[in-house]
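Some notes on the structure that comes next.
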Amino acid sequence: MFDDGAASAVDILSVTGLQKSLGSRSERLKILGGIEFAAKPGEFLTIVGPSGCGKTTLLMSLAGLYVPDEGQVLFQGKAVDGPPEGLSVVFQDYSRSLLPWKRNIANVLFAMRRLKATKEEKRAIAMEMLEAVGLKGFEDRYPWELSGGMQQRVAIARALATRSKLLLLDEPLAAVDAQTRADMQDLLLRLAKQFNKTCILVTHDVEEAVYMADRIVVLSNRPTHVVEEIEVPLAKPRDHLTTREDPEFLRIRHEVIERIRSFKRS
Amino acid sequence: MFDDGAASAVDILSVTGLQKSLGSRSERLKILGGIEFAAKPGEFLTIVGPSGCGKTTLLMSLAGLYVPDEGQVLFQGKAVDGPPEGLSVVFQDYSRSLLPWKRNIANVLFAMRRLKATKEEKRAIAMEMLEAVGLKGFEDRYPWELSGGMQQRVAIARALATRSKLLLLDEPLAAVDAQTRADMQDLLLRLAKQFNKTCILVTHDVEEAVYMADRIVVLSNRPTHVVEEIEVPLAKPRDHLTTREDPEFLRIRHEVIERIRSFKRS
Amino acid sequence: MDRFINGRINWPGIIFILLILVVWEVWAMIADSFYFPRASAVALTIVEDWGNLWAATLDTLRRAAIGFAIALVTMLPLGIVLGRVRVLGEIVEPVLEFFRPLPPIAVVPLAIMLLGIGDAAKLVVVVWGASFPIVINTIDAVKVQDPMQARLARSLRLTTWERMTMIDLPAALPRIFAGIKLGITVALLLTVVSEIIVSTNGLGDYLRIAQSDFSMTRVMTALIVIAIVSVIVNGATNWANRRLLDWHYRRSALAGRQ
Amino acid sequence: MLLLARRTFGLLIFLVIWEIVTATGLVSPDYMPRLALIGAAIWAFVTSGDFWLNFFATVQRMLIGLSVAVVIAIAVALVAARFALLRRALEPITDILRSLPPPALVPLLIFVLGITPALFYFVIIFGCMWATYISASNALSTVEPVQVNTAKIYGLTDWQILWQIRLPAAMPEIFTGIRLSASVSLLATTATEMLLGGQGLGAMIYNAGFSLLWDQMYALMFIIGLLGIAMNFLVAAVRYPLAGWQSRYSAMGAAA
Amino acid sequence: MDTVKVAYMKIPPLVSIKYAIDSGIMEAHDLNIELTVVNGGPELMTALASGSADIGQTAAGIALLARSKGLPIAVFGTGDTERQPDYNHNWLIGTEEAGTTDLKSLEGKTIGVVAKNSPATLAFMSHMVAAGADPSTVEFVALPFPQLPSALEVGNVDAVHVGEPFHGMIMSSDKINAVELANGLIHSDEGTEYALGAWFAQDKWLAENEDIAKRFLAAMEQSYRELVEDRSKVNAILMAEFGMPEGAANATPLPLKAKSFTTTIDQYEPLLEQMVLTGMIEDGKLDLNDAVRAVDYK
Ligand SMILES: Nc1ncnc2c1ncn2[C@@H]1O[C@H](COP(=O)(O)OP(=O)(O)OP(=O)(O)O)[C@@H](O)[C@H]1O
Ligand SMILES: Nc1ncnc2c1ncn2[C@@H]1O[C@H](COP(=O)(O)OP(=O)(O)OP(=O)(O)O)[C@@H](O)[C@H]1O
Ligand SMILES: NCCS(=O)(=O)O
Ligand SMILES: [Mg+2]
Ligand SMILES: [Mg+2]
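Chains as they are written, first to last, in the numbering used here: chain A, 1 to 266; chain B, 1 to 266; chain C, 1 to 258; chain D, 1 to 256; chain E, 1 to 298.
Laid out in structure tokens, this is it:
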């Protein structure tokens with residue numbers, strides 16, 4: 001497994017025996033059935049798994065938002081028992097996670113309160129991030145005046161602006177078009193590299209899972225466990241034109257698709 | 001264009017010179033800059049375009065939820081000036097479109113008020129649809145007890161259960177995994193065929209756009225107009241294994257990608 | 001038509017009120033009773049007795065404003081804390097429910113004994129009454145928060161203070177407004193009632209004297225002045241609410257025809 | 001059990017404070033009797049049949065008044081939410097009516113209604129309907145746009161949208177109003193009983209005051225306070241099936 | 001049997017009418033009484049005006065005031081009277097603590113009364129004027145009766161006007177050194193009897209139902225007689241109506257009519273005189289022949 005002393009010494013995040021049930025008494029459903037994996041600093045993990053299998057539940061547990069029934073999550077060597085510092089989340093329900101009474105720039109700035117910087121510096125960073133996700137000119141609008149994809153990008157800008165060491169991304173690009181998606185993917189990879197961020201990204205897009213990952217974690221149906229971890233030994237930085245035509249890319253992509261196809265829907 | 005008498009005689013839906021601006025006074029933004037297209041009964045149209053270009057705005061106008069500034073929408077020969085009968089929508093903001101105080105089955109049933117059927121029949125149809133989208137066993141849960149992908153499928157089940165002639169689908173599969181997505185695609189195609197439904201589906205997934213479409217409508221950046229309509233002469237019913245390997249499929253896919261890539265982000 | 005209905009000036013409201021005044025005038029003219037003064041007589045009294053009325057109005061407004069302000073600045077934070085910190089809410093809410101139904105008339109004796117017959121005793125009654133709608137609305141509003149906002153707040157590691165000021169308060173404000181609106185009228189109402197019970201000055205005192213003087217016209221005049229004050233105060237509240245919660249109303253307006 | 005302990009903890013503190021204040025003679029026992037005396041008075045009440053007649057008279061008036069007030073308040077708010085013209089026309093007049101002091105209103109009302117049970121109920125209903133009305137009209141006037149659009153698409157008429165979307169969405173807030181109305185109904189009932197006499201806890205308080213029976217007066221006030229807590233439970237019980245989803249939904253935001 | 005709707009304030013003097021009903025005296029006079037409780041003067045007047053009540057009892061001074069303001073009501077029977085020094089229901093009380101030890105010292109002080117522009121203020125003004133003090137220098141504060149003693153005790157007011165049982169309560173309190181400043185609603189010569197409570201009705205009702213008014217007063221007189229004879233009957237009603245314990249009931253002095261029940265104008269003259277003197281009623285505004293319709297029920 002991944003909980004041997006040597007490995008965890010360098011792991012920034014490690015998950016052991018994570019179990020979680022949700023729902024009220026009589027309808028309680030076992031979601032996570034003992035998840036194990038670890039991430040090294042700067043590693044980019046992608047998580048794939050069938051709809052409703054528990055990816056969001058897993059991310060919530062990693063973020064300290066859910067309390068595990070069994071097992072534990074270690075972040076930077078400390079057990080997670082509440083949202084730890086140095087972690088940002090892009091929630092799957094991005095539209096609800098934006099505060100409707102704050103304009104977009106304020107939604108970003110608001111997450112940066114722990115950042116040690118002057119007001120002007122923060123504003124500059126926030127503007128830079130909004131621009132990077134293609135929202136220049138929309139900073140003074142309210143989130144509900146944006147399209148779905150634009151809202152999702154505000155949420156990404158917010159997570160990036162915090163300069164967190166660990167990024168948890170729950171289908172962060174589900175609502176953007178193919179071209180923007182490719183751009184955002186490269187942006188994420190570039191910033192992750194630049195700031196040595198560790199990223200855990202949930203996606204349903206297998207191409208994305210392969211393109212972004214150093215390692216792909218494939219989850220099973222409920223109760224969820226890790227079926228397989230697939231290393232992606234493709235060189236970084238990656239490139240949409242060349243990487244996607246790399247035979248290794250196609251092989252891994254095929255492998256993941258095969259894996260996913262093997263689950264019957266419950 | 002498409003408003004010549006002969007064509008509109010058979011068109012179930014036709015859009016002419018549709019213009020729409022949104023936003024409050026000083027920040028008003030021109031979104032739709034004169035959209036023109038039409039759909040024949042039973043036709044499956046997919047719409048692609050950059051994030052924030054106005055796809056949702058267009059669908060809202062087709063549904064009679066937005067009043068065009070200029071131009072008009074004809075549905076079954078009548079000008080649309082409010083939500084017409086015989087039309088269903090899956091909203092992009094699926095999670096908010098489900099009523100949190102109703103269980104999933106009730107969320108489906110409440111949409112079926114115009115359906116002429118007994119209570120039992122309606123219930124049977126609703127259950128059938130929930131089962132078809134893979135949610136058997138979750139009918140008595142609340143929407144907020146489901147994963148994102150599951151919520152999206154409740155919204156699909158609801159739209160399908162109404163037996164509407166025209167379906168407007170705003171990225172209805174953005175939150176489901178690849179395998180479920182393929183299944184849902186086939187489900188939609190099958191039901192569209194079976195009940196001779198006309199479908200207009202917005203998607204960011206180019207493969208999906210090609211796989212589902214009889215015709216693909218490619219939209220430009222804001223102010224949006226139709227850049228191109230691409231016929232998809234692939235035989236129906238389609239199949240994930242064979243269709244996607246068809247050279248014609250690959251050609252069209254390539255063409256669409258090229259088109260989209262040509263837009264710079266604003 | 002839409003301009004007429006939803007415009008800045010509430011024409012339908014004004015017309016409705018004018019209509020009532022006309023009906024009143026005609027009815028009183030027909031009834032011609034000692035007990036039923038005419039609207040015009042009341043209007044005349046307002047003009048003639050303007051000096052006294054204005055002084056009384058200022059006294060009443062002063063008490064109501066101070067009482068409401070105290071209730072607002074104490075109950076808004078308290079409500080947020082009680083809504084946010086469950087345990088505290090469970091401990092304190094029953095106490096609120098216990099005190100809430102005690103009639104102000106019953107609170108007056110204790111207040112007088114402890115605070116005298118000056119403004120303090122009346123203020124206690126006003127603060128007492130205005131507090132409940134504000135605190136209860138705030139508690140309930142904070143409790144029904146969108147879970148995604150709660151998760152966001154926690155994942156950003158907001159301190160409890162930050163969470164209460166930056167998430168709980170703005171998110172709850174649209175609902176708290178109902179409590180504020182109630183609180184303002186309760187403050188006005190209880191000021192007048194307390195002036196009636198312990199009368200020294202103010203509109204309540206004016207009203208009480210008019211009653212014992214058997215002057216129906218002046219009783220009605222006092223009521224009409226209270227009505228005017230209420231309309232002005234509520235109008236200002238609604239205006240402030242619209243400005244403050246512009247985002248809320250504009251977002252809700254997306255449900256209408258765009 | 002723990003919950004019960006927490007729910008009673010605050011009240012216990014209140015009693016302790018009362019006992020300290022009265023035992024140390026901070027306030028004259030003539031006006032604030034010791035708890036033991038009040039307790040004895042309560043015991044004397046609950047063991048006498050006469051008390052229960054008054055008690056149930058008050059409870060009955062309060063419940064009837066509250067029910068009617070809530071129904072009227074929600075009905076008017078619903079109609080006003082449906083017709084913008086009506087809503088705007090009602091705005092100033094409701095603002096006025098809410099602020100008219102009952103002691104000035106009662107003599108005028110006698111003129112119209114006479115001294116009858118109708119007057120009694122009018123005062124109670126008039127007093128307690130506003131909290132529900134304000135909450136209801138506030139909640140009904142703003143909604144989640146996507147929900148309304150969904151309903152429009154599926155052919156709900158404006159009335160059905162009001163009934164099936166706006167009302168259920170507004171329910172949690174409406175119940176905040178009902179919660180306030182419930183205590184006001186109790187307050188208005190006892191206050192009216194004080195004014196107009198007859199049976200009821202309010203009349204008993206009035207009598208006790210005139211007879212200088214302070215222990216009885218406070219005993220009655222304690223009983224009214226407890227009745228207030230009971231009313232709150234009742235409202236919560238009715239709320240659960242109608243708006244309970246909201247609590248469970250919101251609870252998801254806490255650590256789970 | 002004739003039905004009479006009677007409005008009254010629920011204070012101890014009600015015992016007589018309560019007794020008259022319960023003991024069957026009213027029935028014996030062929031009267032069916034419907035009682036309506038009201039809280040104060042304003043309600044009482046509208047109760048009659050609206051037809052909720054046919055007759056009512058109020059302070060005699062209030063009835064005169066109402067008539068002077070144009071209300072079409074008239075007194076037809078005297079409920080009770082006051083007569084110095086032996087027959088006394090009103091007290092003005094000051095305290096040594098407040099320095100209000102005589103009427104003169106009231107000048108510039110704050111005075112607690114149950115209502116402004118009422119018999120209570122009349123009492124102060126009348127006695128002060130008689131003592132050569134200037135009543136326009138005092139500030140009146142209206143408080144409910146039960147609150148007057150505590151207001152006096154904690155020093156919120158410097159003097160009060162009360163009746164029983166509050167008079168007894170204040171005088172027996174060991175927390176203050178209460179001083180009786182004056183007795184009686186108005187300043188009067190010894191032996192002058194003037195009306196305190198008055199039965200009144202609208203002019204119109206009175207004109208049409210003089211016979212009923214007669215029987216009503218006759219019944220009331222019988223009731224008074226029986227009660228004066230047997231205090232235990234009074235106590236029984238007080239205990240039933242107010243939930244008073246026996247001791248409290250026994251200690252409650254009642255303004256049971258001392259002399260004659262017949263209403264005469266001279267019972268109202270001293271009142272009017274003082275009300276005019278203190279400015280409550282404008283001189284010449286009120287003709288007692290209109291305001292008082294003596295009904296000879298004997
Ligand atoms: N609050 C809740 N109460 C009960 N069950 C819940 C709750 N939240 C989630 N679940 C259940 O947990 C399971 C996993 O949900 P989760 O959101 O983690 O799935 P997911 O893998 O993220 O799916 P998707 O890809 O569709 O977003 C689902 O079956 C869902 O029904
Ligand atoms: N209520 C609104 N007020 C102002 N502008 C709005 C409003 N709603 C949408 N817009 C603007 O209209 C444009 C188009 O929005 P729309 O939601 O139609 O885009 P879309 O094509 O559906 O994008 P996506 O693929 O990201 O969902 C966006 O630029 C957005 O900012
Ligand atoms: N006395 C009215 C109180 S409230 O209902 O407005 O809170
Ligand atoms: Mg998920
Ligand atoms: Mg969209």
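We treat Cβ as the ideally placed atom computed from N, Cα and C, and that holds for glycine.
Just mark residue i as buried or exposed, buried being the case when its beta carbon has 16 or more other beta carbons within 10 Å.
i, result
"G49 (chain D)", "exposed"
"V67 (chain B)", "exposed"
"V23 (chain C)", "exposed"
"P247 (chain A)", "exposed"
"P241 (chain D)", "exposed"
"E207 (chain B)", "buried"
"Q147 (chain D)", "buried"
Nearest to residue i by CA position, among the options, is which residue?
i, options, result
"E258 (chain B)", "A:K193, A:I216, A:V232 and A:A178", "A:A178"
"L106 (chain E)", "E:V129, E:S118 and E:A115", "E:V129"
"G256 (chain C)", "D:Y121, D:I38 and D:N149", "D:N149"
"G235 (chain C)", "C:D2, C:F4 and C:I14", "C:I14"
"M7 (chain D)", "C:N10, C:F16 and C:V87", "The identity of residue 7 (chain D) in the sequence shown is Arg, whereas the question assumes Met. The candidate whose alpha carbon is nearest that of R7 (chain D) is C:V87."
"I12 (chain A)", "A:V202, A:F195 and A:L166", "A:L166"
"T137 (chain E)", "E:L148, E:S52 and E:T110", "E:T110"
"Q185 (chain B)", "B:L135, B:T243 and B:L173", "B:L173"
"S50 (chain E)", "E:A201, E:K104, E:G77 and E:L143", "E:A201"
Alpha helix (DSSP H) containing residue i: first to last residue?
i, result
"L273 (chain C)", "Any property of residue 273 (chain C) remains undetermined from this structure, which presents chain C solely from 1 to 258."
"L201 (chain D)", "L201 to F210"
"Y31 (chain D)", "Per DSSP, Y31 (chain D) belongs to no alpha helix (DSSP H) and is neither H nor E."
For residue i, which of helix, strand or coil comes out of DSSP?
i, result
"A9 (chain B)", "For A9 (chain B), the predicted model reports a pLDDT of 47, less than 50, meaning its position is unreliable; a value from the coordinates is still stated below. Reduced to three states, the DSSP call for A9 (chain B) is helix."
"R242 (chain C)", "helix"
"D3 (chain A)", "Note that D3 (chain A) has pLDDT 44, beneath the 50 cutoff, so the model's placement of it is unreliable and the number below is only indicative. Residue state, collapsed to three classes: coil."
"S172 (chain E)", "helix"
"M60 (chain B)", "helix"
"E144 (chain D)", "coil"
"F140 (chain E)", "strand"
"S230 (chain C)", "helix"
"G83 (chain C)", "helix"
Assuming residue i is part of the beta strand (DSSP E), what are its boundary residues?
i, result
"F91 (chain A)", "That residue, F91 (chain A), is in no beta strand (DSSP E); it is neither H nor E in DSSP."
"R83 (chain E)", "I73 to R83"
"H161 (chain E)", "A159 to V162"
"A91 (chain E)", "Residue identity check: residue 91 (chain E) is Trp in the sequence provided, not Ala. Per DSSP, W91 (chain E) belongs to the beta strand (DSSP E) from W91 to T95."
"A178 (chain B)", "Where A178 (chain B) is concerned, there is no enclosing beta strand (DSSP E), although the alpha helix (DSSP H) it sits in stretches over A178 to Q194."
"Q57 (chain E)", "I55 to A59"
* To do: Could you pull out every unbroken alpha helix (DSSP H) segment of at least 4 residues lying fully inside the region 186-256 of chain E, listed in chain order?
  => 203-208, 210-229, 231-242 and 246-251
* Asked: Can you list the alpha helix (DSSP H) stretches of 4 or more residues lying completely in the region 73-144 of chain A, in chain order?
  -> 94-97, 104-111 and 119-132
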